[in-house]
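Chemist: Right, I'll just put the structure down here and ask away after.
Following this line, the structure appears as structure tokens:
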């Protein structure tokens, strides 16, 4: 598999690299990242995605690209329904609408929190349900589940959980109106009902962070960020309901696809035309699961506010624990984009990639319309996280998409061989990072050394024109799922 | 179970390579491997239940079987004491398994979300032995 450099940070995977490519692949990366992506076989996956019917422009990969299943992680693909364009449940993934929510505060690290970080992490660890089998903060009846699936963050708000203004700073204002709960299976509902307001396991976390550097003052002001400020980042998704929904529809699509004459190079890429009834049912169910994911992070944010209030002894509102933004990095949506001088409504898949609308986009809240959409990029435990902002040119370069994180560089098995969980905890604590994990033995799977350097990833995104850096945040307390 | 499993390296996720004398043992080894990864393997523990799964072909049946195990773990909050495949064909599998409530045990689980169709393989070699590969999303 060969890559051709087009310009700095932009590499092309030529048509013909695998049989059946309809468009080229484009990988946004430094030379080192691009080489690694070829070795990792992730570029082969970029080429495989380029075979999907109706794909428009190119099969894109963000700088945090790594080997996924079907789609690469960091993959973006837009298809045109008017040209037989398809939707692929594997191009969204099992953790539907997994994403990041960032809360800011008026607390300053040195003045207000440094002395109390151990207590804060301990309190968060107790109040944030996490790990396998753990029940969420809200346990729902079937009727309540239907409301969450339909209404997203409006459901917990109707129960007095969270603040009204939170919805404004959530992607889609906290609810995808096109959700169709009737297409979510009984099994998925059963899995989701006890889990609302739980973190899950794996790479999900709640992290206490300090703004270390502000790169651009104007957007930082709009987002309310300043150096020395304490923020809290939440990374979680749609829990069992999302996993089951993807599982259900992969099965459906794998059974329907052969009868439609569609062939894909990897069964995980199974897809159906957007207009097909199976696709429409998937959209309805996937959006319902996305509403659950937003509500889940909303309820988790309530646990964070509750914990900070208890430790600091002042109300969360008084402490200014406002939502900066909440955005998903595993989702497919119908979006309008200009392609070849024509506005087209496309099905944009982002699998481990974040939507990054530029300034002026009508779907942004008033506060952010002049600056562009905030994008929150979690680092790996122990390394920096970033707040970015969408650019005007990203719309034409990557269907307004940027990276979603550092991107794994090492398998979980290898990561555990480098250091044990307790050794890693000691190493992090020596660096001033307090950790609460539900499973110490598995902590090392998520160690910082298992990931790429997040700073290089966001620099590559900036170099490629996909997003600009606004602020860097360093972790001081980590609660792992 | 006389089938075996080994872990396949994957940057983000985890793969299982399964080898056995019969397809039924492949399914048993896969479920045991998954239960071990999920910290939910307690041999001999639990009460017996019967499970049936169906899919379009044998490869997809392996995915459906592992998804059934994950569903039971997540929805019923159980751990597993054993897997025995009673009957299997290309499109349908009937098995007995032992499940027990997790109770207050904190599991050291990899956090597997689902089985995938990525590089999915299920085949018999010229010597008659069976093998399969399946990747799990973590």
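Protein chains in written order, with my numbering: chain E, 1257 to 1737; chain P, 13 to 150.
No residue lacks a Cβ here, since even glycine has one placed at the ideal position from N, Cα and C.
(1) Go to residue 1443 of chain E, then tell me how far its alpha helix (DSSP H) extends in each direction, as first and last residue.
(2) Between residue 1369 of chain E and residue 1376 of chain E, which are expected to be in contact by the criterion C-beta below 8 Å, what is the C-beta distance as a whole number of angstroms?
(3) How many angstroms separate the CA atom of residue 1413 of chain E from the CA atom of residue 20 of chain P?
(4) Evaluate residue 1344 of chain E with the Cβ neighbour count: other Cβ atoms within 10 Å of its Cβ, from every protein chain shown; 16 or more gives buried, anything less gives exposed.
(5) Could you tell me which uninterrupted alpha helix (DSSP H) segments, each at least 4 residues in length, are contained entirely in the stretch 1375–1448 of chain E, listed from first to last along the chain?
(6) By a C-beta neighbour count over all protein chains shown, 10 Å radius and 16 as the cutoff for buried, is residue 1397 of chain E buried or exposed?
(7) Since residue 1685 of chain E sits in a beta bridge, which residues does DSSP pair it with?
(8) If I measure Cβ to Cβ from residue 1238 of chain E and keep anything under 7 Å in the same chain, skipping five residues before and after, which residues do I get?
(9) Under 8 Å, CB to CB, which of the residues in the stretch 1344–1362 of chain E have a partner in chain P?
(10) Let me check understanding here. Comparing Cα to Cα, which of E:1354, E:1302, E:1700 lies closest to residue 1496 of chain E?
(11) Kindly indicate the opening and closing residues of the alpha helix (DSSP H) around residue 1298 of chain E.
(12) Going by other Cβ atoms of all chains shown within 10 Å of its Cβ, with 16 needed for buried, is residue 1731 of chain E buried or exposed?
(13) Excluding the five sequence neighbours on either side, which residues of its own chain have a C-beta within less than 8 Å of the C-beta of residue 1571 of chain E, listed in chain order?
(14) Using the three-state DSSP reduction, which class does residue 1489 of chain E fall into: helix, strand or coil?
(15) Buried or exposed: where does residue 1552 of chain E fall if 16 or more other Cβ atoms within 10 Å of its Cβ makes it buried?
(16) For chain E, check one thing: does any of its Cβ atoms lie closer than 8 Å to the Cβ of residue 72 of chain P?
(17) Between residue 144 of chain P and residue 1350 of chain E, is the Cβ-Cβ spacing less than 8 Å?
(18) Can you pull the chain P residues whose beta carbon is under 9 Å from the beta carbon of residue 1698 of chain E, in chain order?
(19) Excluding sequence positions up to five away, which residues of its chain have a Cβ less than 7 Å from the Cβ of residue 1404 of chain E?
(20) Cα-Cα, which of E:1382, E:1337, E:1320 is closest to residue 1329 of chain E?
(21) Name, please, each residue of chain E whose Cβ falls closer than 8 Å to the Cβ of residue 67 of chain P.
(22) So residue 37 of chain P contacts chain E; which residues on that side make the cut at Cβ distance below 7 Å?
(23) Answer with yes or no whether the minimum CB distance from residue 102 of chain P to chain E is below 8 Å.
(24) Within 8 Å, do at least three Cβ pairs link the stretch 1633–1649 of chain E to the stretch 1712–1726 of chain E?
(25) Need the endpoints of the beta strand (DSSP E) that residue 14 of chain P sits in, please.
(26) So, with DSSP's three-state summary, where would you put residue 145 of chain P?
(27) For a contact meaning CB atoms closer than 7 Å, what does residue 1329 of chain E contact in chain P?
Modeler: On the basis of the data shown:
(1) 1442–1448
(2) 7 Å
(3) 44 Å
(4) buried
(5) 1398–1407, 1410–1414, 1442–1448
(6) exposed
(7) Answer is none; residue 1685 of chain E lacks a bridge partner.
(8) In the structure as shown, chain E begins at 1257 and stops at 1737. Residue 1238 of chain E is therefore absent and cannot be evaluated.
(9) 1346, 1349, 1350, 1351
(10) E:1354
(11) 1298–1305
(12) buried
(13) 1565
(14) strand
(15) buried
(16) yes
(17) no
(18) 51, 120, 121, 122, 123
(19) 1396, 1411, 1452, 1547, 1548, 1551
(20) E:1320
(21) 1507
(22) Chain E residues near residue 37 of chain P: none, gap ~23 Å exceeds 7 Å.
(23) no
(24) yes
(25) Per DSSP, residue 14 of chain P belongs to no beta strand (DSSP E) and is neither H nor E.
(26) strand
(27) 24
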